[in-house]
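Colleague: This is the structure I have questions about; it appears just below.
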Amino acid sequence: GAVVSQHPSWVICKSGTSVKIECRSLDFQATTMFWYRQFPKQSLMLMATSNEGSKATYEQGVEKDKFLINHASLTLSTLTVTSAHPEDSSFYICSARLAGYGETQYFGPGTRLLVL
Amino acid sequence: LAKTTQPISMDSYEGQEVNITCSHNNIATNDYITWYQQFPSQGPRFIIQGYKTKVTNEVASLFIPADRKSSTLSLPRVSLSDTAVYYCLVARLGSGTYKYIFGTGTRLKVLA
């Protein structure tokens, strides 16, 4: 149980284009999902908290107009990187919170973004 | 937000027991301690979670002393495939919901 998927698993795009990444909780409902970014050899950095039916909460230093988050249902959150640039190239990981005991988060497999 | 502190790296040999200790001095009453494993280019995988004393599952044990200011993840008889980064996390209430703030993690290397 508690499986989270991401799509696509990797994407290459040209500078200036927008890229959408989907995060789905497959066997549970998640009122809260999280988006992280991870650069090589570094730890995960929380970008934003996505709440179903409301606006996302962004961490300090994360541009909300550049990283658009939509959490339209209890099983789907999307992250859109708008006008992507090479410095946005990174590994993007989502997680979904399983409410109740321990506030456990279950992570997706990640999406590798390469902006040329 | 509370911070967790772990050793940056550890080496071990196949078949040995590995103990990774995490410090979380500012843990709050309602906080749980959760450990994740991450392989390169993959999302973190849940290992174990606990609140106090000892928790054991099919892959690991988690020891938490009475003051809960630290915790120890114990991996019995590690194999080469256990080479990974291990993160200790304490969920924090922020902006109306609990969230994880990742520390550096412990890079475990299992040698043959």
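Residue numbers (our numbering), protein chains in the order written: chain A, 1 to 116; chain P, 117 to 228.
Every residue, glycine too, gets a C-beta built ideally from N, C-alpha and C.
A quick note: this is a predicted structure, and the numbers were derived from the prediction, not measured.
Determine which residues of the segment 27-45 of chain A have a Cβ less than 8 Å from any Cβ of chain P, and write them out in chain order.
Modeller: Within the segment 27-45 of chain A, the qualifying residues are T32, F34, Y36, S43, L44 and M45.
Colleague: Report yes or no: is there a C-beta of chain A within less than 7 Å of the C-beta of K215/P?
Modeller: For K215/P, the answer is yes, since a Cβ of chain A falls inside 7 Å of its Cβ.
Colleague: Run down chain A in chain order and give the residues with a C-beta less than 7 Å from the C-beta of F162/P.
Modeller: Near F162/P (Cβ distances below 7 Å), the residues of chain A are T104 and Y106.
Colleague: Should G61/A be flagged as near chain P, meaning a C-beta pair shorter than 7 Å?
Modeller: Output row for G61/A: interface = no.
Colleague: So which residues of chain P does T93/A contact, with C-beta pairs closer than 7 Å?
Modeller: Rather than Thr, the amino acid found at residue 93/A in this sequence is Ile. The contacting residues are G159.
Colleague: Assuming the contact rule is C-beta atoms closer than 8 Å, I93/A and Y36/A should be a hit. Round their C-beta distance to whole Å, please.
Modeller: Rounded, the Cβ-Cβ distance is 5 Å, consistent with contact.
Colleague: Return the chain-ordered ranges of every beta strand (DSSP E) run that is complete within the segment 85-113 of chain A and spans a minimum of 3 residues.
Modeller: The qualifying runs are 90-98 and 104-107.
Colleague: Are F91/A and Q42/A touching if we call contact CB-CB under 7 Å?
Modeller: No.
Colleague: Alpha carbon to alpha carbon, what distance is there between A96/A and D147/P?
Modeller: Rounded to the nearest angstrom, the two C-alpha atoms are 18 Å apart.
Colleague: May I have a chain-ordered list of the alpha helix (DSSP H) segments no shorter than 4 residues that lie completely inside the segment 149-183 of chain P?
Modeller: Here no run is fully enclosed.
Colleague: Between the C-alpha atoms of M33/A and Y129/P, what's the straight-line distance to the nearest angstrom?
Modeller: Distance between the alpha carbons of M33/A and Y129/P: 37 Å.
Colleague: Return the residue from the list V4/A, C13/A, V19/A and A84/A that minimises the CA-CA distance to D27/A.
Modeller: Answer by Cα proximity: V4/A.
Colleague: Given that T150/P touches chain A, what residues does it touch there, using C-beta distances under 9 Å?
Modeller: Within chain A, the residues near T150/P are G102, E103, T104 and Q105.
Colleague: Assign N141/P to one of two classes, buried (16 or more other C-beta atoms within 10 Å of its C-beta) or exposed (fewer than that).
Modeller: Looking at its Cβ environment, which holds fewer than 16 other Cβ atoms inside 10 Å, N141/P is exposed.
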